[in-house]
Amino acid sequence: MILFHGDNPVESRRNLHDKVVKDFSSLHDKIITLDGKKVVLGELKQNIENSSLFGEKNIVLIENFFTRPKSKELTQIIAYLTLHQTYPILFWEGKKVSPTQSKTFPQAQVIEAKISRQAYVFVESLGKNLPASLKQWRECVGQESAGSLHYALSSHVRRLLTVSEPTAKTPPWLKVKLDSQRKAIGETALMWLHGQLIELDYKNKTGTSALDLGGELELLIINLYHKRYENI
2 MILFHGDNPV ESRRNLHDKV VKDFSSLHDK IITLDGKKVV LGELKQNIEN
52 SSLFGEKNIV LIENFFTRPK SKELTQIIAY LTLHQTYPIL FWEGKKVSPT
102 QSKTFPQAQV IEAKISRQAY VFVESLGKNL PASLKQWREC VGQESAGSLH
152 YALSSHVRRL LTVSEPTAKT PPWLKVKLDS QRKAIGETAL MWLHGQLIEL
202 DYKNKTGTSA LDLGGELELL IINLYHKRYE NI
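The numbering used here applies: residue 2 is where the sequence shown begins, and numbers increase by one.
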């Protein structure tokens, strides 16, 4: 049993893929993916315990199980899985789980994917000046994949756009910091950046981008400052 999670879902998904390729790539292994928010005990038992007549071994991947609301069904599933911690069961979460959640199954191996400190320094540098942002960006490139940096930047931009909303529940000290950066970038430039990141994600997934993702992101950073100065 292995749990993949972290604040870097791009890297976490890559860790999952590498583990599957390395340890479960036999022709006799079958990967079964279940929605952790909806799976019921009967379905889970059937997929974990049943084996093919041809000797296939079911590798069960349960996604986003730990974000599921508490219920009687959930309690029963946890009790069942606790008795089957040595089975080939993989969990993948699209975000970081709490320390308490990560100990739900004590025997499970936990693999956490983190966004590097340098990536945080980079996204927080936006709005200062172009040379500083490009310097931080190029230092990040050697530490993080372009996909991880796209995710970190997209998440930070969304936070900047929503920091003043009542539902944001942002600590006062962080709100002051984010408000200052939001003002430095400018509302128009920030909205433009948000739209460009969404478009870039689509192009990357459909293979319609003229440059690789890293090149597109660097160009986006440069264009952000041109956009910002246009609106001063």
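We put the beta carbon where it would ideally sit given N, CA and C, even for glycine. This one's a predicted model, so the numbers in the text were calculated from it and none came from an experiment.
Take L35 as the anchor and find which of W93, Q86, P70 has the nearest alpha-carbon. Here residue 35 refers to the residue found at position 34 of the sequence shown. If we check each option's Cα against that of L35, W93 comes out closest.
Mind the definition here: the segment 167 to 184 touches the segment 138 to 148 only if three or more C-beta pairs lie below 8 Å; say whether that holds. no
In angstroms with no decimal places, state the Cα-to-Cα distance between E219 and T76. Within the sequence shown, the letter at position 218 stands for residue 219. Within the sequence shown, the letter at position 75 stands for residue 76. Each residue's Cα considered, the two are about 47 Å apart.
Local conformation of T189 per DSSP, three classes: For this step, residue 189 is matched to residue 188 along the sequence shown. Here T189 sits in helix by DSSP.
Excluding sequence positions up to five away, which residues of its chain have a Cβ less than 7 Å from the Cβ of N205? What you label residue 205 is simply residue 204 of the sequence shown in a count that begins at 1. Taken in chain order, the residues that qualify are L214.
Does the segment 35 to 45 touch the segment 64 to 75, meaning 3 or more C-beta pairs lie closer than 8 Å? yes
Excluding sequence positions up to five away, which residues of its chain have a Cβ less than 6 Å from the Cβ of E1? The requested residue 1 does not occur in the structure, where the chain is confined to residues 2 to 233.
Quick check: what's the CA-CA separation for L175 versus D8? In the sequence shown, counting from the first residue as 1, residue 175 sits at position 174. In the sequence shown, counting from the first residue as 1, residue 8 sits at position 7. C-alpha separation (whole angstroms): 18 Å.
Buried or exposed: S165, going by 16 or more other Cβ atoms within 10 Å of its Cβ? Along the sequence shown, read from residue 1 onward, the residue named residue 165 stands at position 164. It counts as exposed.
Measuring alpha carbon to alpha carbon, tell me which residue in I112, K115, Q137, K129 is nearest V122. For the purposes of this step, residue 122 is identified with residue 121 of the sequence shown, where counting begins at 1. Residue Q137 is the option with its Cα nearest to V122.
Can you round the beta-carbon distance between L17 and L135 to whole angstroms, since I take them to be within the 8 Å contact cut? Position 16 of the sequence shown, counting from 1, holds the residue named residue 17. Position 134 of the sequence shown, counting from 1, holds the residue named residue 135. Not quite, the Cβ-Cβ distance comes to about 32 Å (not below 8 Å), so this is no contact.
Which of the three DSSP states is assigned to I90 in this structure? Here residue 90 corresponds to residue number 89 of the sequence shown, with the count starting at 1. Three-state result, I90: strand.
State buried or exposed for I244, treating a residue as buried only when at least 16 other CB atoms are found within 10 Å of its CB. Given that the chain is displayed from residue 2 to residue 233, the structure contains no residue 244 and the question cannot be resolved.
Measure the Cβ-Cβ separation of Q197 and L221 and say whether it is below 7 Å. Position 196 of the sequence shown, counted from the start, is the residue given in the question as residue 197. Position 220 of the sequence shown, counted from the start, is the residue given in the question as residue 221. Yes, these two residues count as a Cβ contact at 7 Å.
Is it buried or exposed, H227, if we count other Cβ atoms within 10 angstroms and call 16 or more buried? The count along the sequence shown starts at 1 and reaches residue 227 at position 226. Classification of H227: exposed, given that the 10 Å Cβ count is below 16.
Give the list of continuous beta strand (DSSP E) stretches no shorter than 3 residues that lie fully inside the segment 81 to 150. 90 to 93, 110 to 113
Using a 10 Å radius around the Cβ and a threshold of 16 neighbouring Cβ atoms, would you call I78 buried or exposed? The residue you call residue 78 lines up with position 77 of the sequence shown. The residue in question, I78, is buried, as its Cβ has 16 or more Cβ neighbours within 10 Å.
Pairwise C-alpha distance: E12 and K152: Along the sequence shown, read from residue 1 onward, the residue named residue 152 stands at position 151. Along the sequence shown, read from residue 1 onward, the residue named residue 12 stands at position 11. Before going on, a small fix: residue 152 reads as Tyr here, not Lys. Cα-Cα distance, rounded: 10 Å.
Neighbourhood of T87 by C-beta, 8 Å cutoff - its chain only, sequence neighbours within 5 removed: For the purposes of this step, residue 87 is taken as residue 86 along the sequence shown, with counting starting at 1. These residues qualify, in order along the chain: M2, Q108.
Quick one: is P70 buried, meaning 16 or more other Cβ sit within 10 Å of its Cβ, or exposed? Position 69 of the sequence shown holds residue 70. Exposed, by the Cβ-count rule.
Going by the CB atoms, is the gap between L131 and C141 shorter than 7 Å? Counting from one through the sequence shown, the residue named residue 141 turns up at place 140. Counting from one through the sequence shown, the residue named residue 131 turns up at place 130. Contact flag unset, no.
Please look up how many angstroms separate the CB atoms of E74 and H6, rounded, as I've assumed it's under 8 Å. By 1-based counting over the sequence shown, the position of residue 74 is 73. By 1-based counting over the sequence shown, the position of residue 6 is 5. In fact, because the Cβ distance is near 22 Å, the residues do not count as touching under 8 Å.
Span separating the alpha-carbon of L54 from that of K46: Looking up residue 54 in the sequence shown gives position 53. Looking up residue 46 in the sequence shown gives position 45. Residue confidence for L54 is low, a pLDDT of 48 falling below 50, so the modelled location carries little weight and cannot support an answer.
Got a sec, what are the start and stop residues for the beta strand (DSSP E) D36 sits in? Counted from its first residue, the sequence shown places residue 36 at position 35. First-last of the beta strand (DSSP E) with D36: 30 to 36.
Boundaries (first-last residue) of the beta strand (DSSP E) holding E64: By one-based count along the sequence shown, residue 64 stands at place 63. Counting along the chain, the beta strand (DSSP E) containing E64 begins and ends at 58 to 64.
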